[in-house]
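Worksheet: one structure, shown below.
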Amino acid sequence: KNVVTAEEVLTGQKEVGQSVIIAGGGMVGCETADFLAQRGKTVTVVEMLGRMAADVVATYRPFFLARLRAAGIKMETNAKVEEITDQGVRVSRNGATDFIGGDTVVLAMGYKANKQLAHSLGGKVAELYSVGDCVKPRTTKEAIEEGFRIGLRI
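Residue numbering for the sequence shown follows the working numbering, starting at 2 and increasing by one per position.
Right under this line is the structure:
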């Protein structure tokens with residue numbers, strides 16, 4: 002199938018075609034777009050919000066977006082992916098639909114917290130502290146800060 006995740010692409014588990022559509026224009030989607038563009042791929046990022054890379058640090062965001070533009074990455078905002086086909090994606094925008102062609106679709110629409118381990122250990126250990134993605138998906142920096150704060154309390 003022509004659908005892969007950003008994680009699969011970035012870790013080298015899956016290959017993509019020459020024309021790539023990334024569904025999700027947050028930090029992960031935009032970084033994946035940059036990664037692929039640097040490898041010669043034609044990339045379009047589709048974001049349903051009105052701002053691309055809205056979760057990128059404000060002081061870095063303008064430079065990051067400029068880098069994406071310089072790499073020739075096409076960025077579509079206010080566009081919701083409605084359907085994925087073998088030829089690309091159908092998007093809706095302001096009540097109208099459009100089709101964006103591509104041979105691979107990369108899903109970069111966020112992650113869910115993984116709370117399974119913390120729940121399974123609950124009541125079995127003297128103390129249990131949850132940090133990072135088991136609380137909610139965030140950046141590595143945020144997880145390290147949480148771990149540091151917990152470490153100071155122990």
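All residues carry an ideal CB built from backbone N, CA and C; glycine is no exception. Remember, predicted model here, so these are calculated numbers, not experimental data.
- The beta carbon of leucine 108 sits closer than 6 Å to those of Thr6 and Ala24, all from its chain and outside the five residues before and after it, given in chain order.
- Non-local C-beta neighbours of glutamine 19 in its own chain, meaning closer than 7 Å and more than five positions away in sequence, comprise Lys42, Thr43 and Asp104, ordered along the chain.
- Taken through DSSP and simplified to helix, strand or coil, isoleucine 155 comes out as coil.
- When rounded, the separation of the alpha-carbon atoms in glycine 123 and asparagine 115 is 14 Å.
- Shown here for leucine 11: same chain residues with a beta carbon closer than 7 Å to its own, the five before and five after excluded, namely Thr33 and Phe36 in chain order.
- Across the set Pro138, Ser131 and Lys137, the C-alpha of Ser131 shows the shortest separation from the C-alpha of phenylalanine 149.
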